[in-house]
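K.L.:
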Amino acid sequence: NVLWDCITHIDDETVQKVNELGGIKAILISHPHFYSSMREWSARFGGVPVYTHANDRQWAQLPAANHVFWEGRSLQLLDGEVKLVCSGGHFDGSSVLYWNKNLFVGDTIAVAASHKSVSFMYSFPNYWPLPPSDVRVIWDTVRGLDIESIFGGWVDLEIVGNGRRVIFESAKAYTRYCGHDVARFYGDDDKELAP
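Numbering (this note's numbering), first residue to last: -2 to 192.
Right, here's the structure in full:
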């Protein structure tokens, strides 16, 4: 088991329940908004490693004792069962977690309330969008994954089925609605969606 994007509160009851479910082998965090209690979570579970991308190192004010600042575009963990992919965007080191054809996105890729599309933001509180070139980079980082479902960072924000196409179609729509020529950023649908 891995813990993805830990919440701030941790207590004995939570630790007991997680241990009953099999404990955790690692903590994987999408971006700095979830860094606040990573050190405490790691310590409470025997010092399990915490993985955050090196591009966001400056935001880790209290790194865990067994902190791993990973580099590059992707990192395989647990004998290849889990894959972290750095897509950038929301933060330079923003990452998503790929497991069993599921993509866990935090808010690096934001699942819409409709459950039919996703969006991309640099700053959610300020409603500052990402430039289409950054959205293109996000698409490039996930396009090679066989994504069935997408799970957002909040309760009831998921897209079940056809996740890869949803990200692609959403990236094109985002680019168009931001006033840019989609053809400048994306090629033919068949080519973009080819395995």
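Just so you know, even glycine gets a beta-carbon here, dropped at the ideal spot from N, CA and C. This one's a predicted model, so the numbers in the text were calculated from it and none came from an experiment.
By Cβ distance, which residues of its chain are closer than 8 Å to ALA110, with the 5 residues on each side in sequence left out?
P.N.:
Numbered from its first residue, the sequence shown carries residue 110 at position 113. Within the same chain, ALA110 has close Cβ partners LEU154.
K.L.:
When you compare each of GLU166, ASP178, LEU59 to VAL114 by their alpha carbons, which one comes out closest?
P.N.:
Counting from one through the sequence shown, the residue named residue 114 turns up at place 117. This sequence places Ser at residue 114; Val is not what is there. It is GLU166.
K.L.:
What are the start and end residues of each continuous alpha helix (DSSP H) run of 4 or more residues lying completely inside the segment 110 to 169, in chain order?
P.N.:
129 to 139
K.L.:
Would you say ALA57 and HIS50 are within 8 Å of each other, going by their C-beta atoms?
P.N.:
Position 60 of the sequence shown, counted from the start, is the residue given in the question as residue 57. Position 53 of the sequence shown, counted from the start, is the residue given in the question as residue 50. Contact flag unset, no.
K.L.:
Measuring alpha carbon to alpha carbon, tell me which of GLY90, GLU78, ILE106 ends up nearest ARG54.
P.N.:
Here residue 54 refers to the residue found at position 57 of the sequence shown. That would be GLY90, whose Cα lies nearest to the Cα of ARG54.
K.L.:
How big is the Cα-Cα spacing for GLY43 and TRP136?
P.N.:
The sequence position of residue 43 within the sequence shown is 46, counting from 1. The sequence position of residue 136 within the sequence shown is 139, counting from 1. Approximately 36 Å, taken between the alpha carbons.
K.L.:
Kindly give me the distance between the Cβ atoms of ALA107 and SER116, rounded to whole angstroms, as I take these residues to be in contact under 8 Å.
P.N.:
The residue given as residue 107 occupies position 110 in the sequence shown. The residue given as residue 116 occupies position 119 in the sequence shown. That pair is a contact at about 5 Å.
K.L.:
Starting from GLN13, follow the beta strand (DSSP E) in both directions and report where the run begins and ends.
P.N.:
Residue 13 sits at position 16 when you count from the first residue of the sequence shown. From DSSP, GLN13 is part of no beta strand (DSSP E) but of the alpha helix (DSSP H) over 9 to 17.
K.L.:
Go through the segment 29 to 60 residue by residue and report every complete run of the beta strand (DSSP E) that reaches 3 residues or more, in order.
P.N.:
As far as the segment 29 to 60 is concerned, its whole beta strand (DSSP E) runs of at least 3 residues are 47 to 50.
K.L.:
Does the contact criterion of 3 or more C-beta pairs under 8 Å hold for the segment 96 to 106 versus the segment 71 to 87?
P.N.:
yes
K.L.:
Does the segment 18 to 29 come within contact of the segment -2 to 9, defined as at least 3 CB pairs closer than 8 Å?
P.N.:
yes
K.L.:
In the DSSP output, which residue or residues are listed as bridge partners for GLY103?
P.N.:
Numbered from its first residue, the sequence shown carries residue 103 at position 106. According to DSSP, GLY103 bridges with GLY149.
K.L.:
Per DSSP, TYR171 forms a beta bridge with which residues?
P.N.:
By one-based count along the sequence shown, residue 171 stands at place 174. DSSP lists no partner for TYR171.
K.L.:
Using the C-alpha atoms, what's the distance from ARG133 back to ALA168?
P.N.:
For this step, residue 168 is matched to residue 171 along the sequence shown. For this step, residue 133 is matched to residue 136 along the sequence shown. C-alpha separation (whole angstroms): 7 Å.
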